[in-house]
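Visitor: Encoded as C-alpha cells, here's the structure I'll be asking about.
Numbering (the UniProt record's numbering), first residue to last: 1 to 409.
In C-alpha cells, the structure reads:
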C-alpha cells in the first residue's frame, strides 16, 4: 500500500483568507479596529444579517494586542457582571472552531491562580464560592493538590512567596491568537464584510449628536453607525470626538522561551509575584508580567519589569532556570479605575464603545464580539454588557475586578 503523504488529509489552504479591499464611500456600520474584538463583532453582525460593514485597521490585520497577548482564556472572575460576560465567552470558545470552520488550537488545560498569603487565601476562597454560585467551574486546592495538577511548581515553604494554595478552573485554556483572528476575518469576508487594512482613522464628521462619517488616510467614509474597538488607542479616538473617558494606556510585557519538550501541563498565575506562565503548542514557555507603571502607547517596556518577572518565574519554577529567553514584546492595555471594561453608548447616539479590557481582552473575544454586535444592531446594550456602561463612573456603580484581573493594574 502506498503511504499517504503527510498533510494529504488536510484541505488545501487558500492563498488568502480575506480580500484586500478598497473602502466604499459609505457603510451602514464602520468598525474601527481590526483586532480580535473588531473582527468578532463583524462576524456576529453578519450572523444577525448585517453585512454592509467595514472593519478599518490602521496597520495590518490583528497586528496590535491580538498579536501581542499571552492567549490565556478563563472566566473565574469575582463579580456576577464579569462572570457573566467572561463565561459566555468561554462557552463560545468551546464551539468556536466549528463555528469558524477553522482551527484555533483551543486547549482546555485549566488555570491555577496561586495564593501566597493569608489574605490571598481568603480572597481566593471567596472567589471560588462566588464562581460556584454563578455556575462556573472552580475549586480550591491546597499546596499538595497544586503539585499534583502542576508538578513543576515549587510548593516548598522556604521560598520568598510560599504557595498557600490556589484556585483551579479546569475549563480554562489557551488558543492560537493568529488563527483566531484569521478565522474571524475569513468568516466576515465570506459574508461580504469589507476588511480594510492600512486605513488609519484621523477624525470624525459630526452633525449635532450624531457622527456622520470617519476621516481616514484612505478617504472619508460615511457611516450609519460607528463601533470603536481600538483597545489601547481608544483614548486617542475619543479625544477626536471630545468624549472624556477614565482610560489609561500602559505597556504590558510578555516573552517566550526557546522551544522545549512538554513540561508544563496547565496555566499558572501569581498576582503576588506578577508572573503567569503557560506552554504553547510548539513548546515555548509563554510568560506575562504586570503592566509598566508609566502611561504610553509604545509597544515595548522597561527591562527591570522583565528582570523581576524572570526572578519570580525561576523561584516558582526552578526547572526553568536553564531555559533561554527567545524574544519579548509589549502590548498596549487600556485600563479603567475599576479594572472592568467600558461597553455601550457614548454621548453620540450612533457611536458605540468597546474598550478598557486591560489584560482581559483576548479571553473575552468571542463573548464581547457576540454581545457588542447585538448592542450595535439593536441600538441598546445587550444585558450582559449593560453593567459596563460609561455612565457608571458618574453613578458610582463600579465593577471592581482588581483582585481577579490576575496582574497588577
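All C-beta atoms, glycine included, are put in the ideal place defined by N, C-alpha and C.
1) List the whole-angstrom C-beta distance separating residue 21 from residue 195, where the pair is believed to meet the contact cut-off of C-beta under 8 Å.
2) So residue 198 and residue 18 are supposed to be a Cβ contact under 8 Å. How far apart are they, rounded?
3) So who's on the other strand from residue 251, going by DSSP bridges?
4) Using only the alpha-carbon positions, how far apart do residue 10 and residue 55 sit?
5) So, is residue 258 buried or exposed, given that buried needs 16 or more other C-beta atoms within 10 angstroms?
6) Quick one: grab the DSSP three-state call for residue 136.
7) Does DSSP put residue 393 in a helix, a strand or coil?
8) Along the chain, where does the beta strand (DSSP E) containing residue 240 start, and where does it finish?
9) If contacts are defined as beta-carbon pairs under 8 Å, then residue 147 and residue 120 qualify, I think. What distance do you get, rounded to the angstrom?
10) With distances taken Cα to Cα, identify the nearest neighbour of residue 422 among 349, 342, 229.
11) Using the three-state DSSP reduction, which class does residue 362 fall into: helix, strand or coil?
12) Return yes when the Cβ of residue 371 is within less than 8 Å of the Cβ of residue 378, no when it is not.
13) What residue from 171, 131, 180, 28 has the CA that sits closest to residue 369's CA?
14) Taking the alpha-carbon positions, what's the residue 311 to residue 160 distance?
15) If contact is defined by three or more beta carbon pairs under 8 Å, each pair taking one atom from either stretch, is the region 343-353 in contact with the region 227-246?
16) Roughly how many whole angstroms lie between the Cα atoms of residue 408 and residue 25?
17) Apart from the five residues on each side of it in sequence, which residues of its chain come closer than 8 Å, Cβ to Cβ, to residue 1?
18) Terminal residues of the continuous alpha helix (DSSP H) containing residue 92?
Guide: The relevant details are as follows:
1) In the chain shown, the residue the question calls residue 21 occupies position 21. In the chain shown, the residue the question calls residue 195 occupies position 195. Contact holds; Cβ gap of about 6 Å.
2) What you label residue 198 is simply residue 198 of the chain shown in a count that begins at 1. What you label residue 18 is simply residue 18 of the chain shown in a count that begins at 1. Their Cβ separation, rounded to whole angstroms, is 14 Å, which puts residue 198 and residue 18 out of contact at 8 Å.
3) Here residue 251 corresponds to residue number 251 of the chain shown, with the count starting at 1. DSSP lists 332 as partners of residue 251.
4) The residue labelled residue 10 in the question sits at position 10 within the chain shown. The residue labelled residue 55 in the question sits at position 55 within the chain shown. Per-residue confidence for residue 10 stands at a pLDDT of 49, beneath the threshold of 50, marking its modelled position as unreliable; the derived number appears in the next sentence. Distance between the alpha carbons of residue 10 and residue 55 is about 30 Å.
5) Reading the chain shown from its first residue, position 258 is the one you call residue 258. Exposed: under 16 other Cβ atoms inside 10 Å.
6) As a working mapping, residue 136 is identified with position 136 in the chain shown. Looking at residue 136 - three-state DSSP - the assignment turns out to be coil, as it is neither helix nor strand.
7) Walking along the chain shown from the start, residue 393 turns up at place 393. The answer is helix: DSSP assigns residue 393 an H, G or I state.
8) Here residue 240 refers to the residue found at position 240 of the chain shown. Residue 240 -> not in any beta strand (DSSP E); alpha helix (DSSP H) instead, spanning 234-241.
9) In the chain shown, counting from the first residue as 1, residue 147 sits at position 147. In the chain shown, counting from the first residue as 1, residue 120 sits at position 120. In fact, because the Cβ distance is near 18 Å, the residues do not count as touching under 8 Å.
10) Missing from the structure shown is residue 422; the chain here goes from 1 to 409 and no further.
11) One-based indexing of the chain shown puts residue 362 at position 362. Correct three-state label for residue 362: coil.
12) Along the chain shown, one-based indexing puts residue 378 at 378. Along the chain shown, one-based indexing puts residue 371 at 371. No, the pair does not count as a contact, with Cβ atoms beyond the cut-off.
13) In the chain shown, counting from the first residue as 1, residue 369 sits at position 369. Answer by Cα proximity: 180.
14) For this step, residue 311 is matched to residue 311 along the chain shown. For this step, residue 160 is matched to residue 160 along the chain shown. Near 11 Å, if we compare the C-alpha coordinates of residue 160 and residue 311.
15) yes
16) As a first step, residue 408 must be located in the chain shown, where it is residue number 408. As a first step, residue 25 must be located in the chain shown, where it is residue number 25. Confidence in residue 408 is poor, its pLDDT being 40 and thus under 50, which makes the residue's placement unreliable; the coordinate value appears in the next sentence. Roughly 43 Å separates the two Cα atoms.
17) Here residue 1 refers to the residue found at position 1 of the chain shown. Any answer about residue 1 is weak, because its pLDDT of 46 lies below 50 and its placement is not dependable; what the coordinates show is given next. Answer for residue 1: no residue qualifies.
18) Taking the first residue of the chain shown as 1, we reach residue 92 at position 92. Residue 92 -> alpha helix (DSSP H) spans 80-100.
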